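Engineer: The structure follows.
2 protein chains.
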Amino acid sequence: MEIAGKHYRTVWLEGSTVQMINQPLLPHQFDIVDLVDVAATANAITTMIVRGAPAIGATGAYGMAQAVLLASPESWKAEVAAAARTLAATRPTAQDLFHGVDFVKRAIEGAQDLHSAQELAVAAARDLADDSAAACERIGEYGAELIEDGFRILTHCNAGWLACVDWGTALSPIYKAARSGKKVFVYVDETRPRCQGARLTAYELGGEQIPHAVIADNAAGYYMARGEIDMVIVGTDRTVRNGDVANKIGTYEKAVLAKRHGIPFYVAAPTTTLDFACATGADIPIEQRHEDEVLCMFGRDEEGKIRKVRIAPDNSPGYNPAFDVTPAELVTAIITERGVFKPEELSENDELLR
Amino acid sequence: MEIAGKHYRTVWLEGSTVQMINQPLLPHQFDIVDLVDVAATANAITTMIVRGAPAIGATGAYGMAQAVLLASPESWKAEVAAAARTLAATRPTAQDLFHGVDFVKRAIEGAQDLHSAQELAVAAARDLADDSAAACERIGEYGAELIEDGFRILTHCNAGWLACVDWGTALSPIYKAARSGKKVFVYVDETRPRCQGARLTAYELGGEQIPHAVIADNAAGYYMARGEIDMVIVGTDRTVRNGDVANKIGTYEKAVLAKRHGIPFYVAAPTTTLDFACATGADIPIEQRHEDEVLCMFGRDEEGKIRKVRIAPDNSPGYNPAFDVTPAELVTAIITERGVFKPEELSENDELLR
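Chains as they are written, first to last, in numbering that gives the first Met the number 0: chain A, 0 to 353; chain B, 0 to 353.
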């Protein structure tokens, strides 16, 4: 998508350097980070310089390509295998990450020498990123059909283009609907603890000039009870065989509320998030992150400097589960790049796994 | 309750000065504010230097006493009537505020001269504050009977002693249970946008050495789904005839989740919050506060300074409803200083209104 008239993806490869938008600085500062080796790329995933399931999937793929490009001819196979382990261990919940790493790993399996492995790895990573961007655009086209003119839409976290290679998952249908002339209004859950809604979704929607308002996560139920929300669309980090989805903490709360109020609850899920090896959501590992994300907050002070401020008392601990599981019964439908499915229909369509 | 070994209430009268704990500075800085006239006292309510339904009720009463103490002999009745209007207009939702102002207004109705009005007003305000503290202690005794040893309790916002004159409403049962030797663990919703949970409830629980953890409001559903929450206790700003309650934004979300998971949901409500003139929660005016409370955050920076930082993009608006309504059907019982009632039983007990 465009920033100040120039098209950007969230992550890309320049020579053997992985480059990405530095997302913790947004919306206050736009900056590109250079990651010169696999350790730096892995660290960027762990520290959430890049986040969002499809975006970390592409980063995993580019990180693998980087590993092959930087490997020594003597021990490249072992080095690349180690890089795959490092990259896959950065975060536990999103399926796309494992998909991205595996995709490049499989692409170089038959390579006879390092040089051909390098060509295959770079091509595979670029294909994966291109396919991911194209899948998100198709999700937008399928999803836009579900959005009626005048709809007021709630979204949680950021499942926009910054969470993907381009376009977004949950926001892609909103962009497509708006560009086709439908009037929409978006309620943006701020999405504590990391405020990806207030920071990133609001930034994206502003860039596309789509009317929106940031609300506390606590206020979603208030607007639902008033009949002011027509649909909910969220992303997913992993979608399992029975149709359960893991997504940003708080997604489950919004799904329960949507069910109570009869509001359709859609999950936008590229097929790269599918993990049919998991039978139900109970099998999905849930990442527990550092308590400081809950006890503190980052923002821009009066002088324009980005600062960390502490909210809670020094002696109070925080618990910080990063994801929760929304059971299939609360999901109206899952929007993929291959069509819209009831959650229970997913596993009947093995071709979704390619 | 005690801070560093010294007993404090949240608000009191010293001569004709209303004094109170400066709550926006907590937990980082403990400071007492002097409010020398009614305009200052009213402003302290509006800007939430004092907040919490019973605490602003007592502030309303002390503000009325202050008005009478500072009135001129020539026009004291008109001045006091104007002060009552000013104080009652500071915030729209909490019933205690109107109760506090009216209580002193009624106490001086028969006064023949300013001097006797002053004596009556000061005595009435002190009685109201003493009664409020005693009511909260009794709520603690009734509520503690509902808490079993080992309970893991979720609370939202701050309905502790800082929200009251002393003891608290929702936290009072927890204090009584803990002091009687029951082991409890408290999940503290941070309660965006003003983070009264992370700042004030955590501070209070730390002071009482009660084990607790701050969680994002988004995480309450996660812990309920895991079976790690045994009960929910919250306060209320207004409790109406059919048993609906208005409380801090997000309370409704937690009530819906508690219902889904079969977790008892208790509301601690001094009878001063009762408003039987409102038939249902739909009649309660909901305060809409400034968008900056959602778009920005206050906290303590690395150098110890309390700062405001902006989270959201400069051009994104925020919506900020301060309260929501939880329907009676989601409320297990209402804990008052006169016993525990099913929400639908409240209006059958007219003596609750005194």
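No residue lacks a Cβ here, since even glycine has one placed at the ideal position from N, Cα and C. Being a predicted model, the structure only gives us computed values, none of them experimental.
(1) For Glu227 (chain A), which of helix, strand or coil comes out of DSSP?
(2) Give a yes or no on contact between the segment 166-176 of chain A and the segment 296-306 of chain A, applying the rule of three or more CB pairs nearer than 8 Å.
(3) With Tyr251 (chain B) and Val324 (chain B) assumed to form a contact (beta carbons below 8 Å), what rounded beta-carbon distance in angstroms separates them?
(4) Please confirm if His6 (chain B) has its CB atom under 8 Å from at least one CB of chain A.
(5) Val293 (chain B) versus chain A: which residues are under 7 Å apart at the beta carbon?
(6) Using a Cβ-Cβ cut-off of less than 8 Å, list which residues of the segment 223-241 of chain B approach chain A; keep chain order.
(7) For Ile31 (chain B), does the count of other Cβ atoms within 10 angstroms reach 16, so buried, or fall short, so exposed?
(8) List in chain order: all unbroken beta strand (DSSP E) runs of 3+ residues lying wholly within the segment 123-199 of chain B.
(9) Can you name, in chain order, every residue of its own chain whose Cβ lies under 7 Å from the Cβ of Pro342 (chain B), other than the five neighbours on each side?
(10) Residues in the same chain with beta-carbon distance under 7 Å from Ile359 (chain A), minus the five sequence neighbours each way, listed in chain order, please.
(11) Grab me the residues of Arg1 (chain B)'s own chain with a C-beta within less than 8 Å of its C-beta, minus the 5 sequence neighbours each way, in chain order.
(12) Going by DSSP, which residues form a beta bridge with Glu13 (chain B)?
(13) What does Arg359 (chain B) reach in chain A if we use C-beta pairs closer than 8 Å?
(14) Assuming Pro269 (chain B) and Pro53 (chain B) are in contact, meaning their beta carbons sit under 8 Å apart, how far apart are those beta carbons, in whole angstroms?
(15) Taking 8 Å as the threshold, find out whether the segment 269-285 of chain B comes into contact with the segment 233-247 of chain B through three or more Cβ pairs.
(16) What's the gap between the Cα of Ala321 (chain A) and the Cα of Cys163 (chain A)?
(17) Residues of chain A with CB closer than 9 Å to the CB of Val183 (chain B), please, in chain order.
(18) Does Asn314 (chain B) get closer than 8 Å to chain A when you measure Cβ to Cβ?
(19) Please return the same chain residues whose Cβ sits closer than 6 Å to the Cβ of Ala254 (chain A), not counting the five positions on each side in sequence.
(20) Assuming Phe29 (chain A) and Ala60 (chain A) make a contact with CB atoms under 8 Å, what is their CB distance in whole Å?
(21) If you draw a straight line from the alpha carbon of Phe184 (chain A) to that of Gly149 (chain A), how long is it in whole angstroms?
(22) Counting only the same chain and skipping the five closest in sequence on each side, list residues whose C-beta sits under 6 Å from that of Ala82 (chain A).
(23) Quick check: the Cα distance between Ser74 (chain A) and Asp274 (chain A), rounded to an integer number of angstroms?
(24) Jot down the residue ranges of each uninterrupted alpha helix (DSSP H) in the segment 234-313 of chain B, minimum 4 residues, whole runs only, in chain order.
(25) Within the continuous alpha helix (DSSP H) that includes Leu86 (chain A), where are the two ends?
(26) Just curious, the alpha helix (DSSP H) that Phe97 (chain A) is in, first and last residue?
(27) Residues of chain E with CB under 9 Å from Ala132 (chain A), in chain order?
(28) Taking C-beta to C-beta, are Gly51 (chain A) and Leu96 (chain A) nearer than 8 Å?
(29) Can you tell me which of the three DSSP states His27 (chain B) falls into?
(30) Look at Ala124 (chain B) and Ala41 (chain B) and say whether their C-beta atoms are less than 8 Å apart.
(31) With a CB to CB cut of under 8 Å and the five nearest residues on each side skipped, what residues in its chain are close to His289 (chain B)?
(32) Work out the CA separation of Ser15 (chain A) and Gln111 (chain A) for me, nearest whole Å.
(33) With burial defined as no fewer than 16 other Cβ atoms inside 10 Å of the residue's Cβ, what is the status of Thr45 (chain B): buried or exposed?
(34) When the Cα atoms are used, what is the spatial distance from Pro26 (chain B) to Glu203 (chain B)?
Structural biologist: Reading off the structure:
(1) coil
(2) no
(3) 7 Å
(4) no
(5) Glu189, Val213, Ile214 and Ala215
(6) Ala224
(7) exposed
(8) 151-154 and 184-188
(9) Gly242, Ala327, Val330 and Ile333
(10) Residue 359 (chain A) falls outside the range modelled here, since chain A spans only 0 to 353, and no answer is possible.
(11) Contrary to the premise, residue 1 (chain B) reads as Glu rather than Arg in this sequence. Closer than 8 Å at the Cβ level, and outside the excluded window around Glu1 (chain B), lie Tyr7 and Gly206.
(12) B:Thr16
(13) In the structure as shown, chain B begins at 0 and stops at 353. Residue 359 (chain B) is therefore absent and cannot be evaluated.
(14) 6 Å
(15) yes
(16) 18 Å
(17) Correct list: empty, because the minimum Cβ distance to chain A is about 15 Å.
(18) yes
(19) Phe264, Thr325 and Leu329
(20) Their Cβ separation, rounded to whole angstroms, is 24 Å, which puts Phe29 (chain A) and Ala60 (chain A) out of contact at 8 Å.
(21) 7 Å
(22) Val37 and Ala66
(23) 32 Å
(24) 250-259 and 291-294
(25) Trp75 to Ala87
(26) Gln94 to Ala106
(27) Among the protein chains in the structure shown, which are A and B, there is no chain E.
(28) no
(29) coil
(30) no
(31) Asn319
(32) 21 Å
(33) exposed
(34) 9 Å
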